[in-house]
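Trainee: Following this message is one structure expressed as structure tokens.
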Amino acid sequence: MLGRVKALRFLRNEVVLITGGSSGIGKALAFEAARRGAIVVVVARDKEKLAAVAKKCLILSGRPAFAYALDVTSPQAIDEVLAKVKHEVGAIDVLINSAGLGEFTAAAHEKYSSMAEMVHVNLLALMYIS
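The sequence shown lines up with residues 6 to 135 when you count with this note's numbering.
Right under this line is the structure:
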């Protein structure tokens, strides 16, 4: 186990898929994975932002980088994108589930629909894609 953890310090040629890769923590992790030599695959809903992240990852790593539009609340879309990744990029070595959302209000004032959406994105999607 310790050997695998040490190996993750250097991600040379490892395929790293990052959900929520168009902004925030996901974007920062994509850049760090690229700096460590990974083949970065970013997925999120915003195709334009994803393309910019993938382009910078390519520059940082000198390795191919890929971007796929994906709404993680759709199991069918997840299946389709994972099949494309497997076919076009290869097997995923590292998965980083960074997609997430939240409304930071008191639970007593939160709408049920907002809570359900948070559970869907932050928990169910994470479980399904894993």
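All C-beta atoms in this analysis are idealised placements derived from N, C-alpha and C, irrespective of residue type, glycine included.
Please report the distance separating the alpha-carbon of Gly42 from that of Val99.
Mentor: One C-alpha to the other measures close to 13 Å.
Trainee: For Arg50, I'd like the list of residues in its chain whose CB is within less than 6 Å of its CB, leaving aside the five on either flank, ordered along the chain.
Mentor: Asp76.
Trainee: Residues in its own chain within less than 6 Å of Ala70 by CB, not counting five upstream and five downstream?
Mentor: The answer, listed in chain order, is Val45, Ala59, Cys62, Leu63.
Trainee: Is the Cβ-Cβ distance between Leu22 and Val90 less than 8 Å?
Mentor: Their beta carbons are under 8 Å apart, which means Leu22 touches Val90 by this criterion.
Trainee: Ile23 bridges to which residues according to DSSP?
Mentor: Paired residues: Val47, Ile101.
Trainee: If I follow the unbroken beta strand (DSSP E) through Ala70, where does it start and stop?
Mentor: Start and end: 70–74.
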